[in-house]
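Peer 1:
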Amino acid sequence: MVNTHNEKTYSLFNLFAPIVLLLSIGALTAPNCVKADFVPFETTRIKSTAGTGIASLLVDEASSLNPASLGFFNISSLYVQKTKESFSRYHTSSINPSSDESDLTGLIISDAKGRLKGSFSYHRQDDQQNSRQRYGISVAAAGGEQSSMGFSYLHYKDHLQSSDGSYYKEDFHLLVFGITHALNRSFTIGTVVIDPTKQRAGETRAIVGVQYTFRNFIYLMADLGSDYNRTLSETVLYRAAAQFKIFSDFYLRFGASNDRGKRIKSSGIGIGWVQPRLVINISIKNSQQDRSIVLDQKRVDLKESSFSLSYHF
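For any residue, its number in this note's numbering is found by taking its place in the sequence shown, counting from 1, and adding 30.
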């Protein structure tokens, strides 16, 4: 168990809890929006494992992976990230792909020192025509010595260019619920439910993950999920990754994933330098989105390079 409870019963995020509840109720009645073409936000570490890690006990990644993992910690952190994305899009009328790039900037502030843990996140993605901003609030609380529950409220603001060159805006909301349980010091299991209120077409998911740690040297991770509103066999998602401790404070990670629902295959690799207060991660992720008439999408190859720095206090 990572967390050691103190007697602090009131933290900064106790102030956020009523706000998050009101925002969540608002999300239940928000109208459906047209899907935008943006890469889902992942931290640098998540990219190195190709998205794997639903059962991993992580602080900075909680807002983008499983909010429940915050409940296992008793620290605060400040996280900053910069990512470069390179796209190659294959159009049906041309053999040669068109290319463009986008930049992503991320900021996460976490406070897990009270009984009610929480984080605030902000991310911005810009390409030549479009931009997206995502604001997120995550809250978690321990449910005993070995379990934690949490949820994230995510608000997206898109600024998009239409086919006639004019610009328009889209806003939408997503909720993510998560549970994490540590069976012992070596084995954890986690689950998340994404967009249970069906605010965004194609985003509903239920994912279960496991992580096994061998002597604090080898970490093995696997996730399995699907869109519970569609045929399970056609939307199954599976991911696997491994992390190895090399030297005394360096970690090598790699992973792969296959999302049949969105027809995306990915692989990632990265390295992390971990100190008691400072964590630096570097990663590279490659993805291929297959062409689909049903999903109204073209083939797209994506290469991402990412750098992040996290300070714990």
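We treat Cβ as the ideally placed atom computed from N, Cα and C, and that holds for glycine.
#1: Might you give, ordered along the chain, the residues of its own chain that have their beta carbon closer than 8 Å to the beta carbon of Pro226, omitting 5 neighbours on each side?
#2: Do you know how far the Cα of Thr82 is from the Cα of Ile237?
#3: Would you call Thr210 buried or exposed, if buried means 16 or more other Cβ atoms sit within 10 Å of its Cβ?
#4: Taking the Cβ atom as the reference point for each residue, do Gln241 and Phe274 lie within a distance shorter than 9 Å?
#5: Can you tell which of Val304, Gln229 and Ile294 has the C-alpha that lies nearest to the C-alpha of Gln318?
#6: Please classify Ser192 as buried or exposed, where buried requires at least 16 other C-beta atoms within 10 Å of its C-beta.
#7: Do the region 193-203 and the region 147-155 touch if we need at least three Cβ pairs shorter than 8 Å?
#8: Under the rule that 16 or more other beta-carbon atoms within 10 Å means buried, what is Arg116, buried or exposed?
#9: I need the straight-line Cα distance from Phe102 to Tyr120, nearest angstrom please.
#10: What's the gap between the Cα of Val64 and the Cα of Thr135?
#11: Kindly indicate the opening and closing residues of the alpha helix (DSSP H) around Arg75.
#12: Given His185, which residues of its chain have a CB within under 6 Å of its CB, disregarding the five upstream and five downstream residues?
#13: Starting from Leu204, trace the alpha helix (DSSP H) both ways and give me its first and last residue.
#14: Taking all protein chains shown into account, do 16 or more other C-beta atoms lie within 10 angstroms of the C-beta of Ile299, making it buried, or fewer, making it exposed?
#15: Among Ile224, Asn160, Ser178 and Leu250, whose alpha-carbon lies nearest the alpha-carbon of Asn259?
#16: Between Tyr109 and Ile312, what straight-line distance do the alpha-carbon atoms span, to the nearest angstrom?
#17: Rounded to a whole number of angstroms, what is the C-alpha to C-alpha distance between Asn126 and Ser132?
#18: Would you tell me roughly how many angstroms separate the C-alpha atoms of Tyr281 and Val304, rounded to the nearest one?
#19: List the residues that DSSP assigns as beta-bridge partners of Arg235.
#20: Check for me: the beta strand (DSSP E) holding Leu262 runs from which residue to which?
#21: Residues in the same chain with beta-carbon distance under 6 Å from Gly239, minus the five sequence neighbours each way, listed in chain order, please.
#22: With a threshold of 8 Å on Cβ separation, who are the neighbours of Glu91 within its own chain once the five nearest residues in sequence on each side are excluded?
#23: Please state if the CB of Asn316 and the CB of Ser338 are separated by a distance shorter than 9 Å.
#24: Output the distance between the C-alpha atoms of Gly302 and Phe284, rounded to the nearest integer angstrom.
#25: In whole angstroms, what separates the C-alpha of Thr243 from that of Ser106?
#26: Which same chain residues end up closer than 6 Å to Gly291 when comparing Cβ atoms and leaving out the 5 residues on each side of it in sequence?
#27: Taking just the CA atoms, how far does Gln163 sit from Lys199?
#28: DSSP has Glu131 in a bridge; who is on the other side?
#29: Here's the rule I'm using: 16 or more other beta-carbon atoms within 10 Å means buried, otherwise exposed. How should Asn246 be labelled?
Peer 2: On the basis of the coordinates in this document:
#1: Leu205, Phe207 and Thr234
#2: Between the C-alpha atoms of Ile237 and Thr82 there is a straight-line separation of about 11 Å.
#3: Around the CB of Thr210, 16 or more other CB atoms lie within 10 Å, so the residue is classed as buried.
#4: no
#5: It is Ile294.
#6: exposed
#7: no
#8: The amino acid at residue 116 is misidentified as Arg; the sequence shows Ser. Under this definition Ser116 is an exposed residue.
#9: Separation of Phe102 and Tyr120 (C-alpha to C-alpha, rounded to the nearest whole angstrom) is 44 Å.
#10: For Val64, the predicted model reports a pLDDT of 38, less than 50, meaning its position is unreliable; a value from the coordinates is still stated below. So the two alpha carbons sit approximately 24 Å from each other.
#11: Thr74 to Ser78
#12: Tyr165 and His203
#13: Taken as a continuous stretch (DSSP letters only), Leu204 belongs to no alpha helix (DSSP H), being part of the beta strand (DSSP E) at Tyr197 to Ala212.
#14: buried
#15: Ile224
#16: 14 Å
#17: 20 Å
#18: Going by C-alpha positions, Tyr281 is about 8 Å away from Val304.
#19: Ile224
#20: Segment Leu262 to Thr265 is the alpha helix (DSSP H) holding Leu262; no beta strand (DSSP E) there.
#21: Ile84, Ala85, Gly220 and Asp253
#22: Thr73, Arg75, Ile76, Gly83 and Ser99
#23: no
#24: 11 Å
#25: 24 Å
#26: Asp257 and Thr265
#27: 11 Å
#28: Ser116
#29: Asn246 sits exposed, since fewer than 16 C-beta atoms from the chains shown fall within 10 Å of its C-beta.
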